[in-house]
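The structure appears below as structure tokens.
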Amino acid sequence: MTTSLADRACTACRAGTAKLSPGEIAHYLAQVPGWQLSHDPDRIERRWKFGNFAEAFAFVSRVADLAEAADHHPDIGLGWGYASVSLHTHAAGGLHENDFILAARIG
Numbered sequence: 003m004t005t006s007l008a009d010r011a012c013t014a015c016r017a018g019t020a021k022l023s024p025g026e027i028a029h030y031l032a033q034v035p036g037w038q039l040s041h042d043p044d045r046i047e048r049r050w051k052f053g054n055f056a057e058a059f060a061f062v063s064r065v066a067d068l069a070e071a072a073d074h075h076p077d078i079g080l081g082w083g084y085a086s087v088s089l090h091t092h093a094a095g096g097l098h099e100n101d102f103i104l105a106a107r108i109g
């Protein structure tokens with residue numbers, strides 16, 4: 003039985019950690035619906051729409067809690083009726099399994 007991405011734990015990365023290959027990225031990306039490669043191929047991103055600022059802010063607060071628990075911190079955008087999240091791993095200089103684990107937890 004395979005463990006879902008959302009059930010996996012992020013692992014601590016050190017400088018020089020290997021980033022994922024294009025094939026690995028495609029494999030993981032297929033497991034996180036709604037997420038896509040950004041214009042920078044070393045990041046994944048997703049944008050959500052909400053009915054107002056308060057709903058978007060509540061979502062961002064939930065994302066912040068998930069990020070703190072995983073010790074993996076995304077770039078977050080917030081405005082009236084929307085929130086966006088961008089993930090990458092600094093230590094790898096690109097995408098790492100941790101990015102997809104957090105993406106799966108965020109939804």
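Throughout the sequence shown, residue numbering follows this note's numbering, covering 3 to 109 in sequence.
For glycine and all other residues, C-beta sits at the position ideal for the given N, C-alpha and C.
Within the stretch 73 to 99, the complete beta strand (DSSP E) segments of 3 residues or longer fall at 77 to 81, 84 to 89, listed in chain order. Around the beta-carbon of residue 13, fewer than 16 other beta-carbon atoms lie within 10 Å, marking it exposed. Around the beta carbon of residue 76, 16 or more other beta carbons lie within 10 angstroms, which makes this residue buried.
Taken through DSSP and simplified to helix, strand or coil, residue 39 comes out as strand. Here residue 37 has 46, 48, 105 as same chain residues with Cβ atoms under 6 Å from its own Cβ, once five neighbours each way along the sequence are excluded. Less than 7 Å separates the beta-carbon of residue 17 from that of residue 93.
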